[in-house]
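Number of protein chains: 2
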Amino acid sequence: MVVVVFRSRLRADAPADYPQLAERMLSLARAQPGFRSFKSFRAEDGERLSLIEFESEEAERAWRDHPEHRLAQRRGRAEFYAEYRLQVCEPLRERRHPG
Amino acid sequence: MVVVVFRSRLRADAPADYPQLAERMLSLARAQPGFRSFKSFRAEDGERLSLIEFESEEAERAWRDHPEHRLAQRRGRAEFYAEYRLQVCEPLRERRHPG
């Protein structure tokens, strides 16, 4: 399992089609073999956080390299994001409640 | 480095001293050797997410085992949280923009 932690801030002048593109990327990700889950969160200061789980690092790499996703990543850097930080993480331990 | 991903939902009847206890735990965590960062986020459906970074797995274990934190964890399970899921993760890769 890998957990992708994607923290971002949009530019004030981000193009208006960002939500549609994000929605399209989410539907592509969901269709990706090894996709497990997606959820988005927001901090009080406006920072966005997306958590995406994949079955394996290979599945995450395939998603990273998806051609349409690559184009979206390029637009992300050029047009949408003031900043982002992406961490591809491996869970070492997990606890749940109730167990 | 380790990243702790703590997702939770409070009980509807969680005691009113939860915010003070959470604040106290955050100040203890910040004082912990190896503490790096903390930030909290919220999903539209009310799920809470806290991201905590430590320099090492050892630092995270020491925080997990801190006696006052242990007591708070016990209250968390008994009184505060309807559910939670904690993942202690190791970053495999990281990307930032701007680089």
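Keeping their order, the protein sequence lines are chains A and B.
Numbers in our numbering are just positions in the first sequence, counted from 1, shifted up by 21.
Numbers in our numbering are just positions in the second sequence, counted from 1, shifted up by 21.
Yeah, the Cβ is synthetic: ideal placement off N, Cα and C, and Gly gets one too.
Check whether residue i and residue j have beta carbons under 8 angstroms apart
| i | j | result |
| --- | --- | --- |
| Arg30 (chain B) | Glu104 (chain B) | yes |
| Trp84 (chain A) | Gln41 (chain A) | no |
| Glu68 (chain B) | Val109 (chain B) | no |
| Val25 (chain B) | Val24 (chain A) | no |
| Leu70 (chain B) | Phe75 (chain A) | no |
| Arg117 (chain B) | Arg106 (chain A) | yes |
Closer than 7 angstroms: residue i CB and nearest the ligand COA heavy atom
| i | result |
| --- | --- |
| Glu81 (chain B) | For the structure depicted, the ligand COA is absent and the ligand set is empty, with no information on it obtainable. |
8 angstroms Cβ cutoff, residue i in contact with chain A
| i | result |
| --- | --- |
| Tyr39 (chain B) | no |
| His118 (chain B) | yes |
| Ala64 (chain B) | yes |
| Ser61 (chain B) | yes |
Residue i at chain B interface by Cβ criterion, 8 angstroms
| i | result |
| --- | --- |
| Ser71 (chain A) | no |
| Leu107 (chain A) | yes |
| Arg57 (chain A) | no |
| Pro112 (chain A) | yes |
| Glu44 (chain A) | no |
C-alpha gap between residue i and residue j, whole angstroms
| i | j | result |
| --- | --- | --- |
| Glu78 (chain A) | Pro112 (chain A) | 12 angstroms |
| Glu22 (chain A) | Ala50 (chain B) | The residue you asked about is not Glu; residue 22 (chain A) is Met in the sequence shown. Roughly 27 angstroms separates the two Cα atoms. |
| Arg98 (chain B) | Leu92 (chain B) | 10 angstroms |
| Glu89 (chain B) | Leu72 (chain A) | 30 angstroms |
| Ala64 (chain A) | Glu100 (chain B) | 25 angstroms |
| Glu115 (chain B) | Arg96 (chain B) | 35 angstroms |
| Pro36 (chain A) | Phe59 (chain B) | 31 angstroms |
| Gly120 (chain B) | Ala43 (chain A) | 22 angstroms |
| Gly55 (chain B) | Arg28 (chain B) | 22 angstroms |
| Met46 (chain A) | Arg45 (chain B) | 39 angstroms |
| His87 (chain B) | Tyr102 (chain A) | 39 angstroms |
| Gln94 (chain B) | Ser48 (chain B) | 15 angstroms |
| Asp34 (chain A) | Asp38 (chain B) | 41 angstroms |
Original post:
Counting only runs that start and end within the region 66-110 of chain B, where is the beta strand (DSSP E) found for 3 or more residues in a row?
Top reply: 69-75
Original post:
Quick one, which residues of the region 76-100 of chain A are near chain B if we go by CB-CB under 7 angstroms, in chain order?
Top reply: Glu78, Arg98
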